[in-house]
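Take a look at the structure set out below.
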Amino acid sequence: MSAAPLRYRPHHFLCSLGFEGKGYSDAFTTNMTAIVVGRLRAAEGDQTEIEVVRTTDDICAPCPKRRGTLCTSQAKIDRLDTAHASALELIDGERLTWGAAKSRIRERVKPGDLAQICAGCEWLPLGVCEAALTRLHDETN
Ligand code: SF4
């Protein structure tokens, strides 16, 4: 029996690509590490199914900023989700594999694009997400 699909809001596809073990709390980081490192980056991880949702998801679950199905930074999260859903053409309820998601990122998000679609994210200035995006493009060139 295959595992249940992950549930991801739109901006968490690119966050997962760039994840380097930093987060909002120990519980948040432990959970995101289990998902990103333990599932998506594991052998066969590209086959992992992900369902697109427009609410709190499997990454948000233990976040100290979560308030029920909302976030203490809801306006910013809504902006990020809208920008990433548009950039990646992600539709609420859609299911795709992590491998397909990476292909879509490669096709539709170019190095340098995060300055626009991730505007306002506190992790953007670290540069790790742009570096991961560049690596993804380099792998296939
Ligand atoms: S800059 Fe922020 S929103 Fe953009 S991919 Fe990185 S963590 Fe996600």
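Residues 322 to 462 (the numbering used here) make up the sequence shown, in order. The beta carbon of each residue, even a glycine, is placed where N, CA and C say it ideally should be. These numbers come from a predicted model, not from an experiment.
If you draw a 10 Å sphere on the C-beta of Arg330, you find 16 or more other C-beta atoms in it, and that means buried. When DSSP states are grouped into helix, strand and coil, Cys392 belongs to the strand group. Ala404 and Ile398 have their C-alpha atoms roughly 10 Å apart. Bounds of any beta strand (DSSP E) do not take in Arg360, whose DSSP letter is neither H nor E.
The set of residues with CB atoms less than 6 Å from any heavy atom of ligand 1 reads, in chain order, His332, Leu335, Cys336, Gly339, Leu401, Leu435, Cys439, Cys442, Trp444, Leu445 and Cys450. At a Cβ-Cβ threshold of 8 Å, Ala422 and Ile371 count as neighbours.
His332 and Asp402 have their C-alpha atoms some 5 Å from each other.
By DSSP's assignment, Thr418 forms a beta bridge with Glu370. Arg328 is not a Cβ neighbour of Val358, given a cutoff of 8 Å.
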